[in-house]
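S.K.: Right, I'll just put the structure down here and ask away after.
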């Protein structure tokens, strides 16, 4: 019991800290900026952020969501990503224990949160982010944590790419290149059934939330909406509960 709680706390804190890094990567890489220099600074006044204002989630709350110097509003995306990273990282050892699966789970959550930031902020999923993760998951699936059956991850990657590519052609650009490549990477993680389930769930979430947004007049019909966040949320749900969802569906047939 105490050991389990210790792991939860450690992974949660580890996730919070990495969440701050995910924000930096997500905000800077699409603009082709260094993730190291310059240090964290206010995007409005350019003032360097001191260590006391870099405590994940806590600093945002203490500052009231504003820059200490110019009082410009700070995007709520920052603490949300930090908190999400902490929660997901804390859930991982509860779900999988201290096992090799964490070599899939933790990088997967990292990818998801970085892509969430880039697509929300810029409607872009850069190759510079997807390629390193694709190589990593390919190596891990080949040599360390093979899927069951072993070929499922590779069929998933191929099917994810092909299905999204066909959709992009048929919709004449309705699906972005980043989304297509993202599904290829997700296929290595969730397999071919998981890829199909992720696509179905993401489409459903996108339709529902988009419909609500139009009813509330927050989104216009011709306004482009990033699909990446829906993919990310759906992929995480499928990663945790995909097999149970598929079994439940089969039992209903």
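Residue numbers (our numbering): 352 to 604. The beta-carbon is built from N, C-alpha and C at its ideal position, and this holds for glycine as well. Being a predicted model, the structure only gives us computed values, none of them experimental.
Between 547, 407, 494 and 447, which has its C-alpha nearest residue 593's C-alpha?
M.R.: By one-based count along the chain shown, residue 593 stands at place 242. Residue 547 is the option with its Cα nearest to residue 593.
S.K.: Can you tell me where the alpha helix (DSSP H) with residue 598 in it begins and where it stops?
M.R.: Here residue 598 refers to the residue found at position 247 of the chain shown. Per DSSP, residue 598 belongs to the alpha helix (DSSP H) from 579-603.
S.K.: Let me know the secondary structure DSSP gives residue 573 once reduced to three states.
M.R.: In the chain shown, the residue the question calls residue 573 occupies position 222. Note: residue 573 maps to coil in three-state DSSP.
S.K.: Consult DSSP for residue 544 and reduce its assignment to one of helix, strand or coil.
M.R.: The count along the chain shown starts at 1 and reaches residue 544 at position 193. It is helical.
S.K.: Using only the alpha-carbon positions, how far apart do residue 568 and residue 556 sit?
M.R.: As a working mapping, residue 568 is identified with position 217 in the chain shown. As a working mapping, residue 556 is identified with position 205 in the chain shown. One C-alpha to the other measures close to 18 angstroms.
S.K.: Quick one: what's residue 419 bridged to in DSSP?
M.R.: The residue labelled residue 419 in the question sits at position 68 within the chain shown. Beta-bridge pairing links residue 419 to no other residue.
S.K.: Are there 16 or more other CB atoms within 10 angstroms of the CB of residue 446, so buried, or fewer, so exposed?
M.R.: Counting from one through the chain shown, the residue named residue 446 turns up at place 95. When all chains shown are included, residue 446 counts as exposed.
S.K.: For residue 589, which residues of its own chain have a beta-carbon under 6 angstroms away from its beta-carbon, when the five flanking residues on both sides are left out?
M.R.: Sequence index remark: in the chain shown, residue 589 carries index 238 (1-based). Same-chain partners within the cutoff: 541, 545, 548 and 549.
S.K.: Taking contact to mean at least 3 C-beta pairs separated by less than 8 angstroms, is the region 461-480 in contact with the region 509-521?
M.R.: Short answer: they don't touch.
S.K.: Sort 501, 369, 564 and 535 by Cα distance to residue 441 and report the nearest one.
M.R.: Numbered from its first residue, the chain shown carries residue 441 at position 90. Ranking 501, 369, 564 and 535 by Cα distance to residue 441 puts 369 first.
S.K.: Does the CB of residue 448 have a neighbour CB from chain B at under 8 angstroms?
M.R.: No chain B is part of this structure, which consists of one protein chain only.
S.K.: Do residue 510 and residue 543 come within 8 angstroms of each other at the CB atom, strictly closer than that value?
M.R.: As a working mapping, residue 543 is identified with position 192 in the chain shown. As a working mapping, residue 510 is identified with position 159 in the chain shown. Yes.
S.K.: Within 10 angstroms of its Cβ, does residue 492 collect 16 or more other Cβ (buried), or is it exposed?
M.R.: Counting from one through the chain shown, the residue named residue 492 turns up at place 141. Answer is buried; the Cβ neighbour count reaches 16.
S.K.: When you compare only the Cα positions, how much space is there between residue 573 and residue 525?
M.R.: Along the chain shown, one-based indexing puts residue 573 at 222. Along the chain shown, one-based indexing puts residue 525 at 174. So the alpha carbons of these two residues sit roughly 12 angstroms apart.
S.K.: For the alpha helix (DSSP H) containing residue 430, list its first residue and its last residue.
M.R.: By one-based count along the chain shown, residue 430 stands at place 79. Start and end: 428-447.
S.K.: Find the nearest neighbour of residue 385 within the set 393, 394 and 375, judged by alpha-carbon distance.
M.R.: Position 34 of the chain shown, counted from the start, is the residue given in the question as residue 385. With distances taken between Cα atoms, residue 385 lies closest to 375.
S.K.: DSSP three-state call for residue 382: helix, strand or coil?
M.R.: Taking the first residue of the chain shown as position 1, residue 382 is located at position 31. Of the three classes helix, strand and coil, the one that applies to residue 382 here is helix, per DSSP.
S.K.: Can you give me the start and stop residues for the alpha helix (DSSP H) that residue 492 sits inside?
M.R.: Working through the chain shown from its first residue, we reach residue 492 at position 141. Residues 478-494.
S.K.: What does the Cβ neighbour count give for residue 355, buried or exposed, with the cut at 16 atoms within 10 Å?
M.R.: Translated into the one-based positions of the chain shown, residue 355 becomes position 4. Burial call: exposed.
S.K.: Can you check which of these residues, 595, 363, 383 and 428, is closest to residue 457 by C-alpha distance?
M.R.: Residue numbering aside, residue 457 sits at position 106 when the chain shown is read from its first letter. Comparing Cα-Cα distances from residue 457 to each of 595, 363, 383 and 428, the minimum goes to 363.
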